[in-house]
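Step one of this worksheet: look at the structure below.
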Amino acid sequence: MADPVSFDAQIKPLFTPQDIGCMSGMGVKLDDYTWMSDPAGGTLGSCNNFADHMNARTVYAKLTGTCQPQMPLGGTAWDQSDLDLFDQWMTDGFKP
Ligand code: HEM
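One gets this note's numbering by counting positions in the sequence shown from 1 and adding 61 to each.
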């Protein structure tokens, strides 16, 4: 089996300094593993109510556009391969 997807090695580098800067002011810490892997469920902003890992699952919903407005706001939506990688990171257990 392939190694689990790593947040620090494979996910964090997908966020630009602008993404991180824009969102940190709203408390969305895209470059912070502890925040991104928080197991707590609930609703972040106007998005779905998630049973677990609200922060990561809301970020994913914003990237796919399931939760509008789609992110990155004013930028280009992620490639499907990067969306799939993020999804696999969650499936693999939100590993650092
Ligand atoms: C990949 C990059 C990004 C991700 C994953 C992301 C993620 C998110 C998430 C999870 C929310 C919901 C938070 C909440 O409503 O409390 C949000 C909202 C928002 N983001 Fe981003 N963001 C990204 C890039 C950006 C950029 C570059 C900007 C600024 C140009 C931006 C501006 C905003 C604004 C204004 C909202 C509030 C939208 C609304 O509810 O009307 N985001 N983003």
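Glycine included, every Cβ here is placed at the ideal spot set by N, Cα and C.
Computed from a prediction, not measured in an experiment: that's the story for all the values here.
For this session: Tell me whether residue 84 counts as near the ligand HEM, meaning its Cβ is closer than 6 Å to at least one heavy atom of that ligand.
Result: Under cutoff, so the answer is yes.
Exercise. For the candidate residues 115, 106, 78 and 79, whose alpha-carbon lies nearest to that of residue 96?
Worked result: Of the listed residues, the one whose Cα sits closest to residue 96 is 115.
Exercise. Using the C-alpha atoms, what's the distance from residue 79 back to residue 159?
Worked result: Residue 159 is absent from the model: the chain starts at 62 and stops at 157.
Problem set entry | For residue 106, the nearest candidate out of 112, 88 and 98 (CA to CA) | Answer by Cα proximity: 88.
Problem set entry | residue 157 versus 146, 67 and 128, residue with shortest Cα-Cα distance | Among 146, 67 and 128, the Cα nearest to that of residue 157 belongs to 67.
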